[in-house]
Every structure is written in structure tokens, then in C-alpha cells.
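Just below is one structure, and these are the notes that go with it.
Residue numbers (the numbering used here): 11 to 256.
As C-alpha cells, this is what we get:
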């Protein structure tokens, strides 16, 4: 278990040490970072995208809210973390059109399971045909209800301490509640990945009327002091925190 943690922290450090002398925060390769030559170099020379993931990404880019999609380079990082810890059980809080859900499912063996929380039926209907096309539909359990309810149901079913990986990417004001419940659900050595922790930089001295930035800033500061986890905050996508349960 401790060997896994050391490997993960070394992996995270390698990601952090990519600053090229300007701002280390570039954004996502399909949105803010699409015209950044360094980020596109990273994508062109490291991304190994399953063909169905490519199709799903192109479909998602037709949606006006496509900025919500997890960057492909970030999804691949998390898929590799799942492989590194031999993960077979994961939760995604905020599925959107399912790009990252499918990426996680494809990183798992045949007995793998991803619980995907999403409330918008339109997004679920976009996702499901791609899950089927990739042959991963039996690994993905979509829960169309409020994520907090799903997490409570999993805890009530006795699944505390049984999950390997949780990805938090839903409504930011509930991030702290998602984090606490996720910490109950994952095993020792399991990973909680938290998206949008930089929030386009607005977490730095957030405005007094910006409740979302304030909530993210408060969570970032809480995690920094939380002795229940080991921690790295990365400048991948819109900011990604990797929390490893001790």
C-alpha cells in the first residue's frame, strides 16, 4: 500500500514539474488551452485515446456546455492512476456526457464497476450509446439522482471503505460534502480526485460575492491541513487535486 502511495506522489510530482517559465496554469486542451503550443505538444505526444473516446469527445464538443468535459489529458492521467492502484471500483460525481466515466471503465478489468452520478437526462442519453459501442456498458452504473443521495445509498448498503477511486466534478458548493462522503467510501490507499480546484484562477483572493470560488478556496485550504490524506494539487485542466487516503 505504501509503495503505491510513493509511486503516485512521484507521478504527481512529474506532472507538476512542467512549468515552462510562464504561468503553470494553461487550462484544458479542448477549451482555454486549445491554442497553447506547449499543451498541444503534450497532447500530441502523450495522449493515447480509445477510438470511442475520440468519438464521444467530438460529440460532446457539439454541446454548448462542452467546457464541462474533462480534458482528455486529465482523463488519461486519472485512468493511469486507476491502473497504478489496480482499481476495480470507482465513483464519478458529475458524469456530464460520460467521457471520463468511459475512460475510467476502460482502465478497469472486466469485473470493474463505475458508479456514475448525473441528473441531466440529455447527457445520459448522449453517453449510453458510446458506453455500449466501447463494450463497457456492463461496467457502468448510471445513477440519475442527486449525487449526495447516491453516496448515502452506497454507505447504507455497507460499501464504506470498498472503493478505489472517486472523481468529484459536480456542483462546487457541495464539494466539501462530496469529499467527506467519498473519504468514507474509499479504502486506505484509495484516491479522491477533485476537479476545478483552481477555477480559472478565481480561487486566489476570491471576490466577496463569489460564493463558488470561496467554497473551492475553503476546501483547498481544508485539504492542505487534513491529516487523513496525502495530497498533491496539480495545474492539469482547471486544477486537479489528488487526495490519497491514509
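All residues carry an ideal CB built from backbone N, CA and C; glycine is no exception.
Item                                                                                                    : Value
Among 106, 208 and 171, nearest to residue 195 - alpha-carbon criterion                                 : 171
Three-way DSSP call (helix, strand, coil) for residue 36 in this model                                  : coil
Nearest to residue 222 (by Cα), restricted to the options 180, 44, 121 and 158                          : 180
Buried or exposed (CB count within 10 angstroms, at least 16 for buried), residue 234                   : exposed
Where residue 251 sits in the DSSP three-state scheme                                                   : strand
Of the residues 118, 146, 150 and 107, the one placed nearest residue 124, counting alpha carbons only  : 150
Cβ pair count under 8 Å reaching 3, the stretch 173 to 189 against the stretch 130 to 142               : no
Per-residue burial, residue 210 [other beta carbons within 10 Å of its own, 16 or more giving buried]   : exposed
Endpoints, alpha helix (DSSP H) assigned at residue 210                                                 : Element bounds for residue 210: n/a, residue is neither H nor E.
Identified DSSP bridge partners for residue 186                                                         : Note: residue 186 sits in no beta bridge, so no partner.
4 or more residues per run - each alpha helix (DSSP H) lying fully within the stretch 215 to 251        : 221 to 235
Helix, strand or coil at residue 31 [DSSP, three-state]                                                 : Bear in mind that a pLDDT of 36 at residue 31, under 50, signals an unreliable position, so the number given afterwards is only what the model happens to contain. Coil, per DSSP.
Residue 99, enclosing alpha helix (DSSP H) - first and last residue                                     : It is not in any alpha helix (DSSP H) - residue 99 instead sits in the beta strand (DSSP E) that spans 99 to 103.
Alpha-carbon to alpha-carbon, residue 241 and residue 251                                               : 7 Å
Inter-stretch contact at 8 Å, needing at least 3 Cβ pairs: the stretch 40 to 57 / the stretch 93 to 103 : no
Closest residue to residue 85 among 208, 73 and 114 (Cα-Cα distance)                                    : 114
For residue 120 and residue 190, the rounded distance between their alpha carbons                       : 29 Å
Candidates 228, 68 and 152, of which the one nearest residue 215 by Cα                                  : 228
Three-way DSSP call (helix, strand, coil) for residue 169 in this model                                 : coil
Residue 99 to residue 44 span [Cα, whole Å]                                                             : 32 Å
Assigned secondary structure, residue 153 (DSSP; H/G/I helix, E/B strand, else coil)                    : strand
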